[in-house]
Amino acid sequence: MTEFEVQTIAQRVLGASLHGTSFDAAHVEARPNSAGEDALFITVRFKPGAGVTGGGVTGEAMVALGHALEAAGEHRFPYLIYAFPDDPPPYSDDVQAAE
24 MTEFEVQTIA
34 QRVLGASLHG
44 TSFDAAHVEA
54 RPNSAGEDAL
64 FITVRFKPGA
74 GVTGGGVTGE
84 AMVALGHALE
94 AAGEHRFPYL
104 IYAFPDDPPP
114 YSDDVQAAE
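Numbering (the numbering used here), first residue to last: 24 to 122.
Here it is, written out as structure tokens:
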């Protein structure tokens, strides 16, 4: 499947699974994982002020997405990366703030 096809499925499934969580969009990037296997890295973006999403909800979203992709013939593993716009960047120039 193309990245666009995977993204279309991800947007539909995650939108339904994460309904009520301030889900905004999904962005797909196909690339090898750390073991060199073909994989899908899906950034799940939330709207500002979304807060934390419960583990049960995100777990169900992951399972639903995996089933939908497999049903469509996609067998690469989908890694979900959650992006909350209110979170600070993962690295900072300010060493004091990073501690």
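Cβ coordinates follow ideal geometry from the N, Cα and C atoms, glycine included. Source: prediction; values computed, not measured.
Query, Result
"Enumerate in chain order the residues of its own chain whose CB-to-CB distance from Asp47 is below 6 Å, with the five nearest sequence positions on each side excluded.", "Arg68, Phe69, Lys70"
"Return the chain-ordered list of same chain residues with a C-beta closer than 6 Å to the C-beta of Thr66, the five sequence neighbours on each side being excluded.", "His50, Ile104, Ala106"
"Taking the alpha-carbon of Arg35 as reference, which of Arg99, Met85, His98 has the nearest alpha-carbon?", "Met85"
"Going by beta carbon distance, what residues of the same chain come within less than 6 Å of Ala87, once the five residues before and after it are set aside?", "Val36, Ser40"
"What are the boundary residues of the alpha helix (DSSP H) that includes Thr31?", "26-40"
"Quick check: the Cα distance between Leu92 and Leu63, rounded to an integer number of angstroms?", "11 Å"
"Skipping 5 residues on each side, what residues in its chain have a beta carbon closer than 6 Å to that of Phe100?", "Ala62"
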